[in-house]
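*Asks:*
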Amino acid sequence: MKGLLLKDLYMMKKYCRAYLIIAVVFIAVSFASSENLFFIFYPCLLCGMIPVNLLGYDERSKWVQYSQTMPYTKAQIVSGKYLIGLGTQIVVLLFTGISQAIRMSVNGTFVLSEYLVLLMLLLIMALLASSITLPFMFKLGVEKGRMAYYIMIGIVCAGSIIASNLFSESFRTEISPNGILPVICIMGIGLYALSWYLSIVFYKKREL
Amino acid sequence: MNALEINNLCRSFPDFRLDNISFTLPSGCIMGLIGENGAGKSTTIKLILDMIRKDSGTVTIFGKDNTNINLLKEDIGVVMDEVGIPECLTAKQVAKIMKYTFRNWDNTEYTRLLHRLSIPDNKPFKDFSRGMKMKLGIAIAKSHGAKLLILDEPTSGLDPVVRDEVVEMFYDFTRDEDHSILISSHIVSDLEKLCDYIAFLHQGKLLLCEEKDELLSEYGIIHCTVDQLSDIKKIKYKKETPYGAEIIVSRNDAPEGFKLSPISIEELFVFMVKEAR
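Line by line, the protein sequences are chains A and B.
Residue numbers for the first sequence follow this note's numbering, so the first one is 1 and each next one is one higher.
Residue numbers for the second sequence follow this note's numbering, so the first one is 1001 and each next one is one higher.
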């Protein structure tokens, strides 16, 4: 397992430098501009795609087949990608969280409850991208998996629009973000765990 | 003990079937799996390594069923036709990864092999020639104490000089009498030099599996005219051309009055495949 993680770290160092630079720029911009949430959330979404990209490079170089000739189980190979994803997301979350805490303190707008809501939103964003994408990739391969991912996103977006039209305005205003966010946050972590489990099941069944 | 035993191995795909393959590779020997492209060589190797599921049959490696192959992978070195190392990695980084992958990783041996094969340790894999990529793959396979090398088309696409170096590495590996090699190729001349046993695969079926020397001593080739064909009994395989005929006969059944020449594995393979079509 250590070998798999080390290989992914070497590959990140080579292929994911741009991600790091974009994340740093966005964190810096979000530090200066408090209005645009996009700059705060984007680094988390971006880094959530790192394991997917690493898997793409693995497929292209035929490492996917080669690793099957080594004493690794398919569960270990899948877990390597989820651990790398988790590691990068924690680092980005940490930097974004610290920069936002400093920004809020400097501006005199630091309110602990609001800060915690922000952190929870960041965590959900960070986990969501790879949670949804990776099981498709491990089941179908990166090319077909990407296609399935876009279809899935389309269905989810269409579903959310329909759902938001179905629920009344009064029902929506009754929902308190402070109350519901911890639940969504736990669901986000649960989704990541479920995604991890499903990826292992799918990958075990996949013939390489 | 046998390094590898395959019994009645079958696997069906929509457009291809690997049909009832059985052969045994004794420890200390080299077996060549010869077949055209699409004959089922890679499928056989993937089934041995449990990379794809078999429909029926058994695969035993060092006396153990391959369904628990993870326990055996320390003892198996594999080189596929595409080596499979990520393009950005250098040989030095590969060593660090393999140190955490194989319990018996021997860094001294790996460094020695890199030096001997003139493989640069700081150059990214994407800048390697095909020959260098293959040599690195073999160096890795030989540096973790493997007792069985499984090689899928390791010499295809290599120039004759590099091919010779690679074949030399395999000889070197089998100096230890516990070491065995299963090597697939459609370049028959390489296997003819190297192998103790030869297995012919054609359209998913095993045409034969025999000791190479027995095979060469069993058959001979006769060059004659088409008219002379009627004088020869017990023809194994024949080929008629406008210039004459070539026939393969068992040496025991060789007719008198004809010059019986030694046959090469390549000639035998071509005759057998054409007959099977």
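Glycine is no exception: its CB is placed at the ideal position from the N, C-alpha and C atoms.
Just so we're clear, the structure is a prediction, and the values are computed from it rather than from any experiment.
1. Run through the stretch 1117 to 1180 of chain B for me and flag every whole alpha helix (DSSP H) of 4 or more residues, listed as ranges in chain order.
2. Once the 5 residues before and after residue 122 of chain A are set aside, which same chain residues still bring their CB inside 8 Å of it?
3. Determine the direct distance from the alpha carbon of residue 1077 of chain B to that of residue 1042 of chain B, and round the result to whole angstroms.
4. Contact between the stretch 61 to 78 of chain A and the stretch 1101 to 1109 of chain B is defined here as three or more beta-carbon pairs at a separation below 8 Å; is this criterion met?
5. Based on the DSSP output, what are the partners of residue 1199 of chain B in its beta bridges?
6. Less than 8 Å between C-beta atoms, sequence neighbours within five positions excluded: which residues of the same chain meet that for residue 1046 of chain B?
7. Excluding five sequence neighbours on each side, which residues of the same chain lie with their C-beta closer than 6 Å to the C-beta of residue 1187 of chain B?
8. So, at 7 Å on beta carbons, what are the nonlocal neighbours of residue 1193 of chain B in its own chain, with the 5 sequence-adjacent residues on each side left out?
9. Which of the three DSSP states, helix, strand or coil, is assigned to residue 145 of chain A?
10. Starting from residue 78 of chain A, trace the alpha helix (DSSP H) both ways and give me its first and last residue.
11. Check residue 1060 of chain B in the structure and name its three-state DSSP category.
12. Counting C-beta neighbours from all protein chains within 10 Å, is the total for residue 80 of chain A 16 or more, i.e. buried, or is it exposed?
13. Quick one: any contact between the stretch 1060 to 1075 of chain B and the stretch 1141 to 1150 of chain B, if contact means 3 or more CB pairs under 8 Å?
14. How big is the Cα-Cα spacing for residue 1269 of chain B and residue 1081 of chain B?
15. If you follow the beta strand (DSSP E) that residue 1245 of chain B is in, where does it begin and where does it stop?
16. Under the rule that 16 or more other beta-carbon atoms within 10 Å means buried, what is residue 1129 of chain B, buried or exposed?
17. With 9 Å as the limit, tell me which residues of the stretch 2 to 27 of chain A have their beta carbon closer than that to any beta carbon of chain B; keep them in chain order.
18. Is there a Cβ of chain A sitting closer than 8 Å to that of residue 1016 of chain B, yes or no?
19. In whole angstroms, what separates the C-alpha of residue 1121 of chain B from that of residue 1136 of chain B?
20. When DSSP builds the beta bridges, which residues end up paired with residue 1011 of chain B?
21. Using only the alpha-carbon positions, how far apart do residue 1020 of chain B and residue 1110 of chain B sit?
22. Step through the CB atoms of chain A and report whether any lies within less than 8 Å of the CB of residue 1084 of chain B.
23. Find the residues of chain B that neighbour residue 203 of chain A, judging by a C-beta separation of less than 9 Å, and give them in chain order.
24. Leaving out five residues on either side along the sequence, give the residues of the same chain with a beta carbon under 6 Å from the beta carbon of residue 200 of chain A.
25. May I ask you to report which of helix, strand or coil DSSP gives residue 1055 of chain B?
26. Taking only the alpha-carbon atoms, compute the straight-line gap between residue 1132 of chain B and residue 1119 of chain B and give it to the nearest angstrom.
27. Given that a residue counts as buried once 16 or more other Cβ atoms are within 10 Å of its Cβ, and exposed if not, what is residue 1171 of chain B?
28. So residue 15 of chain A packs on residue 1088 of chain B, CB below 8 Å; how close in whole Å?
29. Please check the pair residue 62 of chain A and residue 1084 of chain B, which I expect to be a contact at CB under 8 Å, by giving their CB distance rounded to whole angstroms.
*Replies:* This is what the structure holds:
1. You should have 1130 to 1142, 1160 to 1173.
2. Position 122 of the first sequence, counting from 1, holds the residue named residue 122 of chain A. For residue 122 of chain A, where only same-chain residues beyond five positions count, the Cβ hits under 8 Å are 40, 41, 44, 93, 96, 97.
3. As a working note, residue 1042 of chain B is residue 42 in the second sequence. As a working note, residue 1077 of chain B is residue 77 in the second sequence. Residue 1042 of chain B and residue 1077 of chain B: Cα-Cα distance of roughly 15 Å.
4. Yes, they touch.
5. Locating residue 1199 of chain B in the second sequence gives position 199, counting from the first residue. Bridge partners of residue 1199 of chain B: B:1033, B:1209.
6. If you number the second sequence from 1, residue 1046 of chain B lands on position 46. Only 1052 meet the Cβ criterion.
7. Against the second sequence, residue 1187 of chain B aligns to sequence position 187. The residues are 1155.
8. As a first step, residue 1193 of chain B must be located in the second sequence, where it is residue number 193. The beta carbon of residue 1193 of chain B sits closer than 7 Å to the beta carbons of 1167 from its chain, once the five residues preceding and following it are set aside; these are given in chain order.
9. Your numbering for residue 145 of chain A matches position 145 in the first sequence. Per DSSP, reduced to three states, the secondary structure at residue 145 of chain A is helical.
10. Mapped onto the first sequence, residue 78 of chain A falls at position 78. Here the alpha helix (DSSP H) through residue 78 of chain A covers 74 to 107.
11. What you label residue 1060 of chain B is simply residue 60 of the second sequence in a count that begins at 1. Three-state DSSP puts residue 1060 of chain B in a strand.
12. The residue labelled residue 80 of chain A in the question sits at position 80 within the first sequence. Residue burial annotation: residue 80 of chain A is buried, with at least 16 other C-beta atoms found within 10 angstroms of its C-beta.
13. In short, these stretches touch, since the Cβ pair count reaches three.
14. Along the second sequence, read from residue 1 onward, the residue named residue 1269 of chain B stands at position 269. Along the second sequence, read from residue 1 onward, the residue named residue 1081 of chain B stands at position 81. If you draw a straight line from the Cα of residue 1269 of chain B to the Cα of residue 1081 of chain B, it is about 22 Å long.
15. Sequence index remark: in the second sequence, residue 1245 of chain B carries index 245 (1-based). Counting along the chain, the beta strand (DSSP E) containing residue 1245 of chain B begins and ends at 1244 to 1250.
16. Indexing the second sequence from 1 puts residue 1129 of chain B at position 129. With fewer than 16 other Cβ atoms within 10 Å, it is exposed.
17. Listed by position, the residues of the stretch 2 to 27 of chain A near chain B (Cβ gap below 9 Å) are 2, 3, 4, 5, 6, 7, 10, 11, 13, 14, 15.
18. Taking the second sequence and counting its residues from 1, the one referred to as residue 1016 of chain B is at position 16. So, not an interface residue.
19. Numbered from its first residue, the second sequence carries residue 1121 of chain B at position 121. Numbered from its first residue, the second sequence carries residue 1136 of chain B at position 136. Roughly 10 Å separates the two Cα atoms.
20. What you label residue 1011 of chain B is simply residue 11 of the second sequence in a count that begins at 1. Assignment of beta-bridge partners to residue 1011 of chain B by DSSP yields B:1018.
21. Here residue 1020 of chain B refers to the residue found at position 20 of the second sequence. Here residue 1110 of chain B refers to the residue found at position 110 of the second sequence. When rounded, the distance between both Cα atoms is 39 Å.
22. Indexing the second sequence from 1 puts residue 1084 of chain B at position 84. Put simply, the CB of residue 1084 of chain B is near chain A, with a gap under 8 Å to one of its CB atoms.
23. The count along the first sequence starts at 1 and reaches residue 203 of chain A at position 203. Within chain B, no residue comes near residue 203 of chain A; the closest Cβ sits about 12 Å away, beyond 9 Å.
24. Position 200 of the first sequence, counted from the first residue, corresponds to residue 200 of chain A. Cβ within range, chain order: 75, 78.
25. Numbered from 1 along the second sequence, position 55 holds the residue referred to as residue 1055 of chain B. Note: residue 1055 of chain B maps to coil in three-state DSSP.
26. Position 132 of the second sequence, counted from the start, is the residue given in the question as residue 1132 of chain B. Position 119 of the second sequence, counted from the start, is the residue given in the question as residue 1119 of chain B. Each residue's alpha carbon lies about 7 Å from the other.
27. Indexing the second sequence from 1 puts residue 1171 of chain B at position 171. Residue 1171 of chain B comes out exposed.
28. Locating residue 15 of chain A in the first sequence gives position 15, counting from the first residue. Locating residue 1088 of chain B in the second sequence gives position 88, counting from the first residue. At roughly 7 Å, the Cβ-Cβ gap stays under 8 Å, so residue 15 of chain A and residue 1088 of chain B are in contact.
29. Here residue 62 of chain A is taken as the residue at index 62 of the first sequence, counted from 1. Here residue 1084 of chain B is taken as the residue at index 84 of the second sequence, counted from 1. Between residue 62 of chain A and residue 1084 of chain B the beta-carbon gap is near 4 Å, inside 8 Å, which marks them as a contact.
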